[in-house]
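Participant: Heads up: the sequence lines are chains A and B, in that order. Once you know that position 42 of the first sequence is 41 in numbering that gives the first Met the number 0, the rest is easy, because the numbers rise by one and skip nothing. Once you know that position 128 of the second sequence is 127 in numbering that gives the first Met the number 0, the rest is easy, because the numbers rise by one and skip nothing.
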Amino acid sequence: MHATKKTIVSAVTGLALLAVAPTTALAGPTKTDGWTFCGSSDANWTTSTQGRSGTVTVTGECTVAKANWRLDVYVNGEWWVYSTGSVKAGTHTLKVVAPSMPKPNDKRGNYTYAKITYTAGQTWKNVYEEDLGYLPCKGCTS
Amino acid sequence: MRAHSVLSAVATLTLVPVVAAAPAQAAPDLSWRCGEISVHYTFDNDQTGGWWVVTTSMNCSPGNWPKRYTNEIYDRPFTKYHLFEHTGYVNRGYDKTIIIDATPAKANKSACVRAGSILYFPDNQNEAASKDKNSCFKTAAP
Chain A
0 MHATKKTIVS
10 AVTGLALLAV
20 APTTALAGPT
30 KTDGWTFCGS
40 SDANWTTSTQ
50 GRSGTVTVTG
60 ECTVAKANWR
70 LDVYVNGEWW
80 VYSTGSVKAG
90 THTLKVVAPS
100 MPKPNDKRGN
110 YTYAKITYTA
120 GQTWKNVYEE
130 DLGYLPCKGC
140 TS
Chain B
0 MRAHSVLSAV
10 ATLTLVPVVA
20 AAPAQAAPDL
30 SWRCGEISVH
40 YTFDNDQTGG
50 WWVVTTSMNC
60 SPGNWPKRYT
70 NEIYDRPFTK
80 YHLFEHTGYV
90 NRGYDKTIII
100 DATPAKANKS
110 ACVRAGSILY
120 FPDNQNEAAS
130 KDKNSCFKTA
140 AP
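Here's what the structure looks like:
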């Protein structure tokens, strides 16, 4: 079920974040997302191999002169591929290539979503999730 | 100013019996946090059409400290808010479910959930912890 898949993904993300934020609260609030300086506006999957490989493309926009970005793609709850870079103010396109995709564990395909993390300087971070849904994968065997 | 608020929080915690204040995980008493925000969306349909059931859940602990929650759900490209909720100071967790109609595939519309939780120290109402989540998904029938 769609909802179950999202639960697994949320749990994975939750564990990762707990590991890096033990007693940060003692030092004061770390609300690094208080300022929205970048945002994602769309995400798409394109494939020329019937889903066995493809590219995730995210469009976004930033209001700061320079921001660093990281694009992580999760497939069936598993961290799969990532790319990083930096962008200037204005609209931009982020891409990451998945040279292979797994065999789906759902008849609808590989449940995929992208996580985009923008950072500005040392302190500020904006994180966005873009759901790509179930991606069919003809001929995916492993 | 920051040191004063931390000392106050520590003093408050040590006065509370350990059994009542112990969080679910086996962490020391000196821990306050906002949990991972969970956003679930499930597609359903009948003969009249399709829709998305969108659920946002968040909470912070300790249970008796004040919290505020924000939950904004809007379409993309933006035309309107499906939900725009900013709570006052509450002691409970937050759970909200709304229904969004599916959109035609040609329109290439998405829905975005922008949710946040903030936990405050009980004595001076400074921020103790917070979490944010931005999650978008396409609202065409899958």
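C-beta atoms are modelled at their ideal positions from N, C-alpha and C, and glycine is treated no differently. As the structure is a computational prediction, the values presented were derived from the model and not from experiment.
1. Measure the C-alpha to C-alpha separation of A:Thr115 and A:Glu60 and round it to an integer number of angstroms.
2. Taking three-plus beta-carbon pairs below 8 Å as touching, is the region 70-80 of chain B in contact with the region 117-126 of chain B?
3. So A:Trp44 and A:Thr92 are in contact, right, with Cβ under 8 Å, and what is the actual spacing, rounded?
4. Going along chain B, which residues have a C-beta under 8 Å from A:Tyr133?
5. Are the C-beta of A:Glu128 and some C-beta of chain B separated by less than 9 Å?
6. Does any CB atom of chain B fall closer than 9 Å to the CB of A:Ala119?
7. Decide if B:Asp131 is buried, meaning its Cβ has at least 16 other Cβ atoms within 10 Å, or exposed.
8. Applying a beta-carbon distance threshold of less than 7 Å, which residues of chain A neighbour B:Phe136?
9. Interface residues of chain A around B:Arg75 at Cβ under 9 Å?
10. Check whether chain A comes within 9 Å of B:Lys132, counting only Cβ atoms and requiring the distance to be less than that.
11. Rounded C-beta distance between B:Thr54 and B:Tyr68? I'm assuming under 8 Å.
12. Measure from the alpha carbon of B:Ala101 to the alpha carbon of each residue in B:Pro61, B:Arg32, B:Arg75, then state which is nearest.
13. Between A:Asn104, A:Gly120, A:Gln121, which has its C-alpha nearest A:Pro135's C-alpha?
14. Could you tell me whether the Cβ of A:Asn154 comes closer than 9 Å to any Cβ of chain B?
15. For B:Pro22, collect the residues of the same chain with a Cβ closer than 7 Å to its Cβ; drop the 5 residues on either side in sequence, then sort them by chain order.
16. In chain order, what residues of the same chain have a beta carbon less than 6 Å from the beta carbon of B:Ile36, not counting five sequence neighbours either side?
17. What residue from A:Leu70, A:Glu128, A:Ser47, A:Leu131 has the CA that sits closest to A:Lys137's CA?
18. Which residue wins for smallest C-alpha separation from B:Lys66, given the options B:Tyr73, B:Gln124, B:Tyr88?
19. Here's a check: name, in chain order, each residue in its chain whose Cβ is nearer than 6 Å to the Cβ of B:Gly92, leaving out the five neighbours to either side.
20. Fully enclosed by the region 26-83 of chain B, which beta strand (DSSP E) runs are 3 residues long or longer?
21. Could you name the residues of the same chain whose beta carbon sits closer than 6 Å to that of B:Ile72, not counting the 5 residues immediately before and after it, in chain order?
22. Applying the 10 Å Cβ sphere with the 16-neighbour rule, what's the burial state of B:Thr138?
23. Quick check: does the Cβ of A:Thr35 come within less than 8 Å of any heavy atom belonging to the ligand COA?
24. When you compare the CB of B:Ser109 with every CB in chain A, is at least one pair closer than 9 Å?
Facilitator: With the given structure in hand:
1. For the record, residue 115 of chain A in the displayed sequence is Ile; it is not Thr. Going from the Cα of A:Ile115 to the Cα of A:Glu60 covers about 12 Å.
2. no
3. Not a contact, Cβ separation roughly 14 Å.
4. Pro141
5. yes
6. no
7. buried
8. Asp130
9. Ser40, Asp41
10. yes
11. No, B:Thr54 and B:Tyr68 are not in contact; Cβ-Cβ is about 14 Å, not under 8 Å.
12. B:Arg75
13. A:Asn104
14. Because chain A is modelled from 0 through 141, residue 154 of chain A falls outside the range shown and cannot be assessed.
15. Residue confidence is low: B:Pro22 scores 48 on pLDDT, short of 50, so the model does not pin down where it sits. Its coordinate-derived value is still stated next. Correct list, in chain order: Ser30, Ser60.
16. Met57, Ala114, Lys130, Lys132
17. A:Ser47
18. B:Tyr88
19. Asn58
20. 37-45, 48-57, 66-75
21. His81, Leu82, Val112
22. buried
23. Looking for the ligand COA in the displayed structure turns up nothing, as the structure carries no ligands at all.
24. yes
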